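S.K.:
Residue numbers (our numbering), protein chains in the order written: chain A, 9 to 343; chain B, 9 to 343.
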C-alpha cells in the first residue's frame with residue numbers, strides 16, 4: 009500500500025526502480041569537476057542545429073535515446089514520459105515527447121522539474137498506472153539567458169549573486185520491478201515566497217522553499233542519521249549557506265550532509281559566480297555524480313531536493329516577489 | 009485496484025469525486041450562450057489590478073476560493089493542487105498556489121491543462137497519495153494575445169481560422185469518498201504533430217491529437233453508446249469539423265455526440281471567428297455547462313478531451329510545426 013508518512017511524505021508501496029539513466033552536457037560543464045562523467049558531450053552550443061533552442065531539444069533527446077539504449081528498449085515501451093524545461097511553453101520537452109511518441113505529461117517547476125517528475129513518476133508506478141516511465145529535463149545557457157535575462161550576445165555583466173544556467177540534460181527510466189537503486193518516497197513542495205524580488209539572486213529566494221521541504225521530510229521521517237546527503241538542486245553558494253543556517257535554526261544540523269548540485273557542477277575558477285542552475289543542473293549532477301555512487305554502494309541513501317524559482321520576466325517587471333518551490337525525493341540503494 | 013483497460017486507458021479503483029467546483033469569467037464570456045452560469049463575472053479585464061496578468065491570477069484565485077467556500081473547507085485541507093495556465097512560466101497558477109499554501113504540481117499542457125490536471129489528480133487520489141486535490145487553470149484574452157501573438161493594443165486583424173482566448177478560470181475539488189459525480193478513468197495523451205505550421209489555425213493542428221486520444225479510449229473501452237457526449241476542449245469550429253470526419257474514417261460516427269468547448273462558449277455573432285480557446289475555455293465550460301447537467305441527471309457520462317497546441321512563439325519563428333496533445337477523462341454520474 010502507498011502510504012502517507014507523517015504530514016507530507018508520500019511513501020511508495022514499492023520503490024520506483026531507476027533502471028537506466030543518461031546525461032548530456034556542454035563543453036563548460038565537462039570542464040568542471042564532473043568532467044568525464046557525462047554520457048555525451050555537445051562539442052559546441054549549437055551542435056549542427058540552426059538555433060540554441062533546437063540544440064537544447066537535441067540535448068534532451070540524446071539523453072533519452074542513450075538511457076533507452078542502455079536499457080535495451082525502444083521508446084514505445086514507455087507508458088508515460090514526464091518532464092519539462094525552462095523554455096517558454098516547455099518546447100524542448102514537448103518536441104522530445106514528439107520524437108518518443110509516448111503518452112506525455114508536461115510539467116513546469118523551473119529547476120525543480122526533475123524532482124517533480126521523479127515524484128510523479130513514482131506515484132504513477134506505485135499507483136498501478138505504468139510499468140515504465142521516463143523523466144527528462146533540460147536547460148541550455150544560451151536559451152535561458154536570452155529568454156529570461158538579456159540578449160545573449162550583449163554579454164551583460166552578471167551579478168555576483170547570479171547563477172549560470174547549465175547546458176545539459178538528464179533522462180531517467182523509472183520502472184516497476186527489481187533493481188539496485190530506486191525512489192522510495194518523496195515530498196510534494198509548497199510555494200514559499202520569502203518576499204525577495206532580486207531575480208539575479210535566486211539562491212536567497214529558493215533557500216526558504218528548500219528548508220520547508222527538507223523540514224517536512226525530516227519532521228515526518230526522523231531519519232537524518234540514515235541519509236548520506238541532502239542534495240539541493242540548485243541553490244548555489246549563496247542559497248546553500250542560507251539554507252544550512254535556516255535548517256540549524258529549525259533544529260537540524262546538516263552542515264556536513266548538505267550538498268548542492270549548483271555548487272558541484274562548476275569549479276569556482278570557472279567564473280560562474282554563485283554556481284549552476286537550470287532544469288539541466290540537478291538532472292546532470294544526479295546522473296553523473298550521485299547515482300553511480302549509489303549503484304556502487306558508496307552511498308546508501310540521499311534526499312534530492314529540486315528547487316525552483318517560479319517567477320517570470322513579466323512577474324518581475326510587474327513588481328512581484330519570487331514564488332519558489334522544492335520537491336523532494338528519497339533515492340536509495342535497495343540491497 | 010487501479011487498472012489499465014486495453015492499451016492506454018487508466019481506470020481508477022474508485023472514482024475521483026468532483027466534490028465542488030467554480031468558474032469565473034469575463035464580460036464577453038458572460039454575453040455568450042453560457043451567460044449567467046458562471047459563479048463570478050469580472051466587470052472588466054483588469055478588475056482593479058495593475059495588469060492583465062495580475063487580473064488573470066485573480067480570476068483563478070477567485071475560482072478556487074469560491075470552490076472551497078461551496079465545499080465549506082479551507083485551502084489548507086487540500087493535499088495537492090495541480091494546475092497551469094498559458095502565461096510564460098505559468099505564473100498565474102503559481103501565484104494562486106502561493107495564496108493557497110498547499111503542496112503544488114505545476115503543469116504545462118496549454119489548453120489541455122485542465123484535463124491533464126484532472127487525470128493526474130485522479131491518479132493521486134486512487135493511488136492513495138491524497139484525500140482532496142484541487143485542479144485550477146485559467147486564461148485571459150489580453151495576456152495571451154500580447155504574449156503569444158501581437159501587442160494587444162495593436163488590434164491586429166485576426167485570421168478567420170483563429171480562435172479567441174477565453175478570459176476565465178475553473179477550479180475543481182476532487183476527493184476520495186462518496187459523491188454524485190466523479191472522474192472514473194482517463195487517457196494520457198501523446199504528442200501528435202500533423203505537420204501544420206499555421207499558428208493562426210490551431211483547430212487543424214489539434215484535431216489529430218484529439219482523434220488519437222478519442223480512438224485510444226474507444227478502442228479500449230468500446231462504450232461509445234454509453235457516452236452522452238465526447239467534449240473536446242477546444243478545437244473550435246474548424247477543428248471540430250476535421251475531428252469528426254477523421255473519426256468517421258476511423259470507424260467512429262460521433263457526429264451527434266461530438267461537442268466542443270470552443271464552440272459552446274461564444275455565439276457566432278460575437279465575432280470570435282473559429283471559437284474559443286485557452287486553458288480557461290474547457291475549465292469554464294465544464295463547470296458552467298456540463299457538470300450541472302451531470303449533477304442534475306440530464307447527462308450520465310461524458311468524455312472530456314482537453315486539447316493543447318504545445319508550440320511557442322519561438323518554435324514557430326524557427327520554422328517548427330505544431331506539436332499537439334489531448335488528454336481525456338471520463339466524468340460520470342455515479343448513482
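Ideal Cβ placement from N, Cα and C applies to all residues, glycine included.
A quick note: this is a predicted structure, and the numbers were derived from the prediction, not measured.
Mind pulling the beta strand (DSSP E) runs of 3 or more residues that sit fully within the segment 235-278 of chain A?
M.R.: Runs found: 237-241, 266-268.
S.K.: Residue 61/A versus chain B: which residues are under 8 Å apart at the beta carbon?
M.R.: Residues of chain B passing the Cβ test: 322, 323, 326.
S.K.: Do residue 61/B and residue 329/A come within 9 Å of each other at the CB atom, strictly closer than that value?
M.R.: Result no, Cβ atoms of residue 329/A and residue 61/B do not sit closer than 9 Å.
S.K.: Taking beta-carbon pairs under 7 Å, can you tell me which members of the segment 95-108 of chain A lie near chain B?
M.R.: The segment 95-108 of chain A vs chain B, Cβ under 7 Å: 95, 96, 97, 98, 99, 102, 103, 105, 106.
S.K.: Beta-carbon within less than 7 Å of residue 140/A's beta-carbon, same chain only, minus the 5 sequence neighbours each way: which residues are those?
M.R.: For residue 140/A, where only same-chain residues beyond five positions count, the Cβ hits under 7 Å are 85, 86, 87, 181, 183.
S.K.: Given this structure, state the Cα-to-Cα distance separating residue 298/A from residue 142/A, to the nearest angstrom.
M.R.: Roughly 18 Å separates the two Cα atoms.
S.K.: Taking any Cβ of chain A, which residues in the segment 194-221 of chain B have a Cβ under 9 Å from it, in chain order?
M.R.: Those residues of the segment 194-221 of chain B that come within reach of chain A (Cβ to Cβ, closer than 9 Å) are 195, 196, 197, 198, 199, 200, 201.
S.K.: Give me the Cα-Cα distance between residue 259/A and residue 112/A, rounded to the nearest whole angstrom.
M.R.: Cα to Cα, residue 259/A sits roughly 40 Å from residue 112/A.
S.K.: Are the C-beta of residue 159/A and some C-beta of chain B separated by less than 9 Å?
M.R.: With 9 Å as the cut-off, residue 159/A does not count as an interface residue toward chain B.
S.K.: Cα-Cα, which of 108/A, 282/A, 343/A is closest to residue 246/A?
M.R.: Nearest C-alpha to residue 246/A: 282/A.
S.K.: Between residue 127/B and the rest of its own chain, which residues show a CB-CB distance below 7 Å, the 5 nearest in sequence each way excluded?
M.R.: If we look at residue 127/B and ignore the five residues flanking it on each side, its Cβ neighbours are 194, 196, 335, 337.
S.K.: Is it the case that the segment 196-206 of chain B contacts the segment 148-164 of chain B, given that we only count it when at least three CB pairs across the two stretches are under 8 Å?
M.R.: With a cut-off of 8 Å, the segment 196-206 of chain B and the segment 148-164 of chain B do not count as touching, because too few Cβ pairs lie within range.
S.K.: Relative to the C-alpha of residue 107/B, which candidate in 176/B, 120/B, 67/B, 136/B has its C-alpha closest?
M.R.: Ranking the options by Cα distance to residue 107/B, first place goes to 67/B.
S.K.: Residue 70/B to residue 77/B, Cα distance in whole Å?
M.R.: C-alpha separation (whole angstroms): 10 Å.
S.K.: Rounded to a whole number of angstroms, what is the C-alpha to C-alpha distance between residue 133/B and residue 37/B?
M.R.: Their backbone Cα atoms lie some 32 Å apart in a straight line.
S.K.: Between 243/A, 190/A, 21/A, 151/A, which has its C-alpha nearest residue 54/A's C-alpha?
M.R.: Ranking 243/A, 190/A, 21/A, 151/A by Cα distance to residue 54/A puts 151/A first.
S.K.: Residue 93/A by DSSP, collapsed to three states: which one?
M.R.: It is a strand residue.
S.K.: Could you name the residues of the same chain whose beta carbon sits closer than 6 Å to that of residue 340/A, not counting the 5 residues immediately before and after it, in chain order?
M.R.: Once the five neighbours on either side are set aside, the close Cβ partners of residue 340/A are 192, 309.
S.K.: My assumption, with CB atoms under 8 Å, is that residue 285/A sits in contact with residue 172/A. Please give the rounded CB distance.
M.R.: Contact flag correct, Cβ pair sits at about 7 Å.
S.K.: List, in chain order, every chain A residue whose beta-carbon is nearer than 8 Å to that of residue 137/B.
M.R.: Correct list: 10, 12, 18, 131, 135.
S.K.: Using CA coordinates, which residue listed in 59/B, 43/B, 33/B is at the minimum distance from residue 51/B?
M.R.: Per the Cα distances, 33/B.
S.K.: One question on the structure: do residue 346/A and residue 241/A come within less than 9 Å of each other, judged by their Cβ atoms?
M.R.: Because chain A spans 9 through 343 in this model, residue 346/A falls outside it and cannot be assessed.
S.K.: Note down, in chain order, every chain A residue with its Cβ under 7 Å from the Cβ of residue 25/B.
M.R.: Within 7 Å Cβ-Cβ: nothing; residue 25/B doesn't reach chain A, min ~17 Å.
S.K.: In chain order, what residues of the same chain have a beta carbon less than 7 Å from the beta carbon of residue 105/B, not counting five sequence neighbours either side?
M.R.: Around residue 105/B: 89, 112.
S.K.: Between residue 182/A and chain B, is any beta-carbon pair separated by less than 9 Å?
M.R.: False, the Cβ-Cβ gap to chain B never drops below 9 Å.
S.K.: Tell me where the alpha helix (DSSP H) around residue 402/A begins and ends.
M.R.: Here chain A has residues from 9 to 343 only, and residue 402/A is not among them.
S.K.: Taking any Cβ of chain A, which residues in the segment 77-94 of chain B have a Cβ under 8 Å from it, in chain order?
M.R.: If the cut-off is 8 Å between Cβ atoms, the segment 77-94 of chain B has 88, 92 near chain A.
S.K.: Taking Cβ positions only, does residue 110/A come closer than 9 Å to chain B?
M.R.: True, the Cβ-Cβ gap to chain B drops below 9 Å.
S.K.: Does any residue of chain B have a CB that is nearer than 9 Å to the CB of residue 294/A?
M.R.: Output row for residue 294/A: interface = no.
S.K.: Please report the residue range of the alpha helix (DSSP H) in which residue 211/B lies.
M.R.: Taken as a continuous stretch (DSSP letters only), the alpha helix (DSSP H) holding residue 211/B covers 210-229.
S.K.: Please go through the same chain and pick out, in chain order, the residues whose beta-carbon is closer than 8 Å to the beta-carbon of residue 10/B, but skip the five residues on each side of it.
M.R.: Excluding residues within five positions, the ones whose Cβ falls inside 8 Å are 18, 19, 20, 21, 131, 134, 135.
S.K.: Starting from residue 124/B, find everything on chain A with Cβ-Cβ shorter than 9 Å and list it in chain order.
M.R.: In chain order: 113, 114.
S.K.: What residues from the segment 44-72 of chain B come within 8 Å of chain A, judged by C-beta to C-beta, listed N to C?
M.R.: Result list: 58, 59, 61, 62.
S.K.: Say whether chain B places a C-beta atom closer than 9 Å to the C-beta of residue 333/A.
M.R.: Output row for residue 333/A: interface = yes.
S.K.: Going by beta-carbon coordinates alone, are residue 261/A and residue 239/A separated by less than 9 Å?
M.R.: Cβ distance not < 9 Å, so residue 261/A and residue 239/A don't count as in contact.
S.K.: On the premise that residue 316/A lies in contact with residue 147/A, defined as a C-beta separation below 8 Å, what is that separation, rounded to the nearest angstrom?
M.R.: Not really, about 12 Å apart at Cβ, beyond 8 Å.
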